[in-house]
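Notes follow the structure.
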Amino acid sequence: MSKELLSNWFEKNRYKIVMPNIQRDFVWKEKQIENLFDSIYKGYFIGMFWIWEPKNQKELKKLGYWSLPSEFRTKEFDKNTEEKGDDVIGIIDGQQRLSALSIGLHGSYDEKELYLNVKEAKFRFLRKKFIDSIKDKDQDNWIKVRDILESKHKNAKEFKKAFKESLLIKQTEHGTIEQITEIFRRINKGGTPLSNNQELLSQLTNNWSGGRRELEKTRKKINKGNGIAIDYDFIIKCCLFLLEEPLNIKQALIGDTLSKIKDKWEKISEAIKRVAEKLKELGFSSSKNITSDNALIPIAYMYYKNKKADDDIIKKYLFSAFLKRVYGGSSDTILMRVRKYMEKEDISELLDKPEFQFNDSDISRIVSRKQSKYTYLALMILYDDYDNDKKTFEQDHMHPKSFFSTQDKLKEAIKDEMPENDDWDKHIDELSKQNFSEWREKCDCLPNLRLESRSRNRKKNDSHLAKWWTKGREKGIQKAKHYLKEDTRLELYYFKDFYKTREQKIKEKLKKYFGIEGNEK
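So the sequence shown is numbered by our numbering: it starts at 127 and just counts up by one.
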């Protein structure tokens, strides 16, 4: 074991430092990086860095690695996996801290750079436009950390001195890949442990040169332009499900699962890509209406096994899985049960299983939900003639939400549509007072929502529903399309009747869609 000054070692070696593929991704938040620099500034011990300098550099190349990050973006972390020369240093322990140092000293985090406020002795990630916007005297208090070595300010000097005097305790290990992986596992058992899927990913990397790169390539291709956002955990679980292996990661590590993933990867990857393409085609995306990634895995299994289902069946499966929250709770248990069903049956038969069946209580729960991914899903069923490929759809409040923000606004919104009359005004005052709390709760619920194209929703904005309708915006559209009776009054004054009518008709439609016998009582 040897000791060396952190600043000397880091600046001398930062272009040689790499992260072996057994490492997890960089996951620190801005605040964690700021706290690390604050600890250095205050002279706190920031922990040991364990490095690997193999005698045979081919060991590191075989394992695969990516470079120390500097320009970091949380939405899409693009790892630099270009092969370096024959003099690289692998990090076994300390990856998050060294990456944080690199970002703070030489790069940016979501296009923000790290600054030191020399007056208050605090670190913050800031955008240049923020620095430019503050007054000159305050602006002088903020020094970019990368410029600190050139600053003569007292507090900047103190940080520079603390940084230079910090000790890097390093231990060089000339081990094999297997030995290094075991060391890495033991270290992480004692600190922030790897998730089971991260551990399988590390093991997979050892058994498959370039494996992590393949997984990353697939993940990026699926997420780019498809509106969904899958992670490594999803991919690993998908692999196990498709190969009919135990979903228990520890069991998977014992057998020949890793070799199977490598051998079948091309087919697995293709199945996952087909799921992403189908989701986009059917109007599903993570930001709008996907409530559980696990619900997508049986569709991948269907493609992997070359089974077929038409779009209506796939949509009904997704609506059922999401709205019933089938994969909530003990998701591995239900996934195993679903896979057992699908070994002999198609996805259409899956809808007949108890887990996917609806009853009156389920429908009532859906209809009473407030605006969310779940109401968007229900609206997709109600407005099943939308064309997702040509338009972007949003959830529109039929009676604008702004009308329900305060009792006074509700009262004024009702008055705007009704004739002026002193006695009528008093009646509206009383009506608003009595109904405000109840109506405010209901305005976000499904009976006051509809699926509308973004352009039409923007045009409607906060228009009164009755005025919007009579202006011709809904010309040629029957009220029945929006689950209303032809004699339903659309003025806000009649909100209670409007809500009750839509609630009943929406329930009828959902019951019919999910095959529930009988009518609303």
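Even glycine gets a Cβ: it sits at the ideal position worked out from N, Cα and C.
Which listed residue (the options) has its alpha carbon closest to that of residue i
{"i": "Q497", "options": "P573, F529 and P372", "result": "P573"}
{"i": "L449", "options": "K470, F482, V464 and M462", "result": "F482"}
{"i": "K188", "options": "D488, R338, I269 and R584", "result": "R338"}
{"i": "H525", "options": "W594, I489, D510 and M544", "result": "W594"}
{"i": "S225", "options": "W334, Y170, Y429 and S193", "result": "S193"}
{"i": "K586", "options": "E179, K527, I423 and F175", "result": "K527"}
{"i": "D510", "options": "E403, Q149 and D437", "result": "D437"}
{"i": "K404", "options": "I394, Y430, N374 and K441", "result": "K441"}
{"i": "F445", "options": "E197, S411, Y430 and M462", "result": "S411"}
{"i": "A247", "options": "V493, I269, D472 and L408", "result": "I269"}
{"i": "K635", "options": "L461, D613, I492 and S531", "result": "I492"}
{"i": "Y358", "options": "K346, L369 and L368", "result": "K346"}
{"i": "D478", "options": "Y619, Q265 and V464", "result": "V464"}
{"i": "E556", "options": "L536, G220, A435 and E197", "result": "L536"}
CB-CB length for residue i against residue j, believed under 8 Å
{"i": "N415", "j": "S457", "result": "That belief does not hold up - the Cβ atoms of N415 and S457 are roughly 18 Å apart, past 8 Å."}
{"i": "D151", "j": "T200", "result": "About 11 Å separates the two Cβ atoms, so there is no contact after all."}
{"i": "Y609", "j": "L508", "result": "7 Å"}
{"i": "R120", "j": "L162", "result": "Beyond the ends of the chain as shown, which are 127 and 647, falls residue 120; an answer cannot be given."}
{"i": "K364", "j": "A426", "result": "For the sequence presented, residue 364 should be read as Cys rather than Lys. That pair is a contact at about 5 Å."}
{"i": "A288", "j": "Y167", "result": "5 Å"}
{"i": "F136", "j": "L227", "result": "6 Å"}
{"i": "Q533", "j": "Y502", "result": "That pair is no contact at about 29 Å."}
{"i": "K611", "j": "T627", "result": "6 Å"}
Buried versus exposed call for residue i [16 or more other C-beta atoms within 10 Å across all chains shown]
{"i": "K633", "result": "buried"}
{"i": "G316", "result": "Here G316 scores only 45 on pLDDT, less than 50, and its place in the model is too uncertain to base an answer on."}
{"i": "V214", "result": "buried"}
{"i": "L366", "result": "buried"}
{"i": "V144", "result": "buried"}
{"i": "Y453", "result": "buried"}
{"i": "P146", "result": "buried"}
{"i": "I217", "result": "buried"}
{"i": "D212", "result": "exposed"}
{"i": "E459", "result": "Note that residue 459 is Thr in the sequence shown, not Glu. T459 is exposed by the Cβ-count criterion."}
{"i": "I260", "result": "exposed"}
{"i": "Q560", "result": "exposed"}
{"i": "K647", "result": "Confidence at K647 is low in this model, with a pLDDT of 41, below 50, so the placement of that residue should be treated as unreliable; the coordinate-derived value is given next. K647 should be labelled exposed."}
{"i": "D204", "result": "exposed"}
{"i": "A606", "result": "exposed"}
Residues bridged to residue i [DSSP beta-bridge criterion]
{"i": "S234", "result": "E197"}
{"i": "L616", "result": "DSSP, once it has assigned bridges, lists no residue as partnering L616."}
{"i": "G216", "result": "V144 and W178"}
{"i": "K270", "result": "Y241"}
{"i": "H523", "result": "L575"}
{"i": "Y625", "result": "Paired residue(s): none; Y625 is not in a bridge."}
{"i": "Y639", "result": "Answer is none; Y639 lacks a bridge partner."}
{"i": "K248", "result": "N243"}
{"i": "W391", "result": "Answer is none; W391 lacks a bridge partner."}
{"i": "Y191", "result": "P146"}
**OP:** Identify every run of the alpha helix (DSSP H) within the segment 450–518, keeping only runs that are complete inside it and at least 4 residues long; order them along the chain.
**Re:** 457–470, 473–476, 486–493 and 499–508
Original post:
Which residue spans inside the segment 139–168 form an unbroken beta strand (DSSP E) run of at least 3?
Top reply: With a minimum length of 3 residues, the continuous beta strand (DSSP E) runs that stay inside the segment 139–168 are 143–146.
Original post:
In chain order, which continuous runs of the beta strand (DSSP E) of length 3 or greater are located wholly inside the segment 555–613?
Top reply: 575–579
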